[in-house]
Amino acid sequence: MINVELAKELAKYLPWEPKVGDLTIVYGDGGEEIIEPIIPKHEKENKIVLSLRNVGHLIWLPRLTMLLYELKKRSGKSFSLSYDRDTDQWRYQDDCFESCHDSPEDAAATALLALLQKEELKKA
């Protein structure tokens, strides 16, 4: 699962359309993190967007498939995401960027964040 701080950073750049199966973190009354999935019942009752509007500090946790899709859309060239047994790390690599992390989500998210920040700088 993606690191929460990394998810917060990505949220600044990626719009999110909630879908069944997406995970979110909400904070309980005592400040504890509660991971909640969006379930089919929310979709059938058209309550996804309405329920999200009522939650104050909602953090979306993107799935690996979405991170890879966004990288594929935005990356001009090919990339790889592989597991290195020697270091027990996941490694993302393309022609311009490389990162190693404990989870494949963090490796992909770090690369995507770097790409999105680079795109933002070009706009400025």
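Okay, so the sequence shown: first residue is 1427 according to the working numbering, each after it adds one.
All residues carry an ideal CB built from backbone N, CA and C; glycine is no exception.
query: By a C-beta neighbour count over all protein chains shown, 10 Å radius and 16 as the cutoff for buried, is Leu1541 buried or exposed?
result: buried
message: Measuring straight from C-alpha to C-alpha, what distance separates Leu1539 and Val1446?
response: 24 Å
field: Separation of Pro1444 from Lys1503, as counted between CA atoms
entry: 28 Å
query: Looking at the structure shown, is Tyr1518 part of a helix, part of a strand, or coil, going by DSSP?
result: strand
Classification of Pro1463 by the beta-carbon crowding that lies within 10 angstroms, buried from 16 upward: By the neighbour-count rule (16 or more Cβ atoms within 10 Å), Pro1463 is not buried but exposed.
- request: Look up Leu1507 in the DSSP assignment and say whether it is helix, strand or coil.
  value: In the three-state scheme derived from DSSP, where H, G and I count as helix and E and B as strand, Leu1507 is classed as strand.
- request: Please name the residue or residues paired with Trp1486 in a DSSP beta bridge.
  value: Per DSSP, Thr1450.
task: Just mark Ala1550 as buried or exposed, buried being the case when its beta carbon has 16 or more other beta carbons within 10 Å.
output: exposed
- request: Could you have a look at Glu1443 and say whether DSSP puts it in helix, strand or coil?
  value: coil
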